[in-house]
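Colleague:
In my numbering, the protein residues as written are 387 to 494.
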């Protein structure tokens with residue numbers, strides 16, 4: 387039996403207050419990569435530290451995590467701040483993403 391990896395969506399706050407959204411199967415490992423400021427961390431986050439992990443949620447399959455990530459990226463900064471504070475908002479986004487079909491391309 388093959389174990390399916392659980393994908394997570396996460397948000398990182400930069401020194402300037404900007405919020406970065408990503409997905410991974412291991413949030414701790416990925417955040418550490420971002421903090422190293424080189425190598426496998428996101429280019430967007432280089433030089434923007436100190437970084438703070440402000441949100442993480444288990445989503446499930448990679449395809450669903452990608453859809454949720456795209457939905458988060460399309461939110462305004464104010465809406466992202468609400469998401470960080472309100473757990474029910476992410477659950478609503480997951481339900482919406484499950485109901486959608488089609489392209490995974492992020493339009494943000």
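Even glycine gets a Cβ: it sits at the ideal position worked out from N, Cα and C.
(1) Going by C-alpha distance, which of 464, 418, 459, 485 is nearest residue 395?
(2) How would you label residue 477, buried or exposed, when you count the other beta carbons within 10 angstroms and need 16 or more for buried?
(3) Using only the alpha-carbon positions, how far apart do residue 432 and residue 389 sit?
(4) Tell me which residue opens and which closes the beta strand (DSSP E) that residue 440 is part of.
(5) Just the Cα atoms here: how many angstroms apart are residue 494 and residue 408?
(6) With DSSP collapsed to three states, give me the class of residue 397.
(7) Pull the bridge partners of residue 409 from the DSSP assignment, please.
(8) By the 10 Å Cβ neighbour count, where 16 or more other Cβ atoms means buried, how is residue 346 classified, buried or exposed?
(9) Out of 404, 397, 446, 405, which one is the CA nearest neighbour of residue 416?
(10) Hey, residue 457 and residue 479: beta-carbon distance below 7 Å or not?
Modeller: Working from what's here:
(1) Closest option to residue 395, Cα to Cα, is 459.
(2) By the neighbour-count rule (16 or more Cβ atoms within 10 Å), residue 477 is not buried but exposed.
(3) When rounded, the distance between both Cα atoms is 34 Å.
(4) Residues 438-446.
(5) Its pLDDT being 47, under 50, residue 494 is placed unreliably in this model, and the value from its coordinates should be taken loosely. If I take the Cα positions, the gap works out to 13 Å.
(6) Reduced to three states, the DSSP call for residue 397 is strand.
(7) As a beta-bridge residue in DSSP terms, residue 409 pairs with 395.
(8) Outside the shown range of the chain, which is 387 to 494, sits residue 346, and nothing can be said about it.
(9) Residue 397 holds the alpha-carbon nearest to the alpha-carbon of residue 416 among 404, 397, 446, 405.
(10) Yes; because the gap between Cβ atoms is below 7 Å, this pair is in contact.
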